[in-house]
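Report on one structure; see the data block that follows.
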Amino acid sequence: MSGRGLASVLGCAVAAVGAFVVLDHFGGRDHFADLPGGADVRMVGRFTPAQIDRLAALPEAVAVECDDTLYDVGIATGRMTLRQATVLTALRSPGLQRSALVQGRNPNGDGELLAVDGQGLRLGERVTLTRGSHGLAGTVVGVAARPSGQVDAVALLPAGAVARLEAAPCAELAVQLRRPSAATAFQRSAKGVLGGSLDVTYDESLRGHV
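First residue of the sequence shown: 114, per the numbering used here; consecutive thereafter.
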């Protein structure tokens with residue numbers, strides 16, 4: 114397992130401390146936890162862009178987005194350097210966002226990012242991000258409040274920029290359902306898209322619906 118993949122699994126495990134775990138109807142495991150943001154479901158695995166698009170098209174889903182967390186990211190500006198920063202995916206769907214915009218605007222492309230309020234980056238600042246042998250440059254176009262579930266995060270990047278830094282398939286998905294009663298139908302449909310057993314965490318509000 115890659116370092117990031119392990120980190121994603123550990124991050125999900127931390128979010129699910131004290132969670133109740135059962136075997137689901139389809140051979141995987143159901144976790145229940147207080148999920149960050151407005152996500153109803155989080156899925157851990159290896160997801161291609163085509164699979165994400167197919168999941169997002171399911172009638173049970175309002176939104177499905179890659180929501181990876183990157184650790185040990187180097188961040189440099191003209192005035193400061195951070196060597197082991199945590200970076201989150203800047204989610205587009207309002208119902209999935211775990212951090213409110215407090216200044217500026219949301220990113221429109223992979224060369225733009227959000228700074229987390231109070232973590233050192235400034236609006237309008239040019240930033241270079243590196244992770245291993247991968248890197249990219251961007252501009253801070255907005256400032257976000259500290260995100261739920263990862264209050265130590267320094268920045269939020271569009272999914273395309275996260276993928277460039279990670280150079281690996283998406284490892285974690287955030288899902289917003291149309292209604293709680295759609296949870297089991299989504300689980301069944303997701304298995305049809307992804308195949309195999311699924312490692313899924315449901316929000317506590319879905320107990321009794323899965």
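Just so you know, even glycine gets a beta-carbon here, dropped at the ideal spot from N, CA and C.
Since the structure is predicted, the reported quantities are computational estimates derived from the model, not experimental observations.
Give me the Cα-Cα distance between residue 276 and residue 221, rounded to the nearest whole angstrom.
16 angstroms
Quickly, what does DSSP pair residue 160 with across the bridge? List them, please.
Listed as beta-bridge partners of residue 160 by DSSP are 283.
Is it a yes or a no for the stretch 205 to 224 touching the stretch 262 to 274, going by three-plus beta-carbon pairs under 8 angstroms?
Touching, per the Cβ criterion.
So, for residue 164: in the same chain, excluding its five sequence neighbours on each side, which residues have a beta-carbon less than 8 angstroms away from its beta-carbon?
306 and 307
Along the alpha helix (DSSP H) that carries residue 313, what are the first and last residues, could you check?
Residue 313 -> not in any alpha helix (DSSP H); beta strand (DSSP E) instead, spanning 312 to 316.
Tell me, please, whether the stretch 144 to 162 touches the stretch 221 to 235 by the rule of three or more beta-carbon pairs shorter than 8 angstroms.
In the pairwise beta carbon analysis, the stretch 144 to 162 is classified as not touching the stretch 221 to 235: fewer than three pairs are separated by under 8 angstroms.
From the DSSP output, which residues share a beta bridge with residue 146?
316
Among 312, 187, 323 and 310, which has the Cα closest to the Cα of residue 247?
187
Can you check DSSP and say which residues form a bridge with residue 251?
In the DSSP secondary-structure assignment, residue 251 is bridged to 240.
Give a yes or no on whether the C-beta atoms belonging to residue 299 and residue 157 are separated by under 9 angstroms.
Taking the C-beta atoms as reference points, residue 157 is found no nearer than 9 angstroms to residue 299.
Going by CA-CA distance only, name the one from 200, 254, 210 and 294 that's closest to residue 177.
210
Take residue 213 and list the residues in its own chain whose beta-carbon comes closer than 7 angstroms to its own, dropping the five residues that flank it on each side.
257 and 258
With distances taken from CA atoms, which of 191, 244 and 291 is nearest residue 185?
244
Taking all protein chains shown into account, do 16 or more other C-beta atoms lie within 10 angstroms of the C-beta of residue 199, making it buried, or fewer, making it exposed?
buried
What's the C-alpha gap between residue 191 and residue 238?
9 angstroms
Pull up the distance between the alpha-carbon of residue 195 and that of residue 301, whole angstroms please.
43 angstroms
Endpoints, beta strand (DSSP E) assigned at residue 201:
194 to 202
Nearest-angstrom Cα distance between residue 226 and residue 278?
13 angstroms
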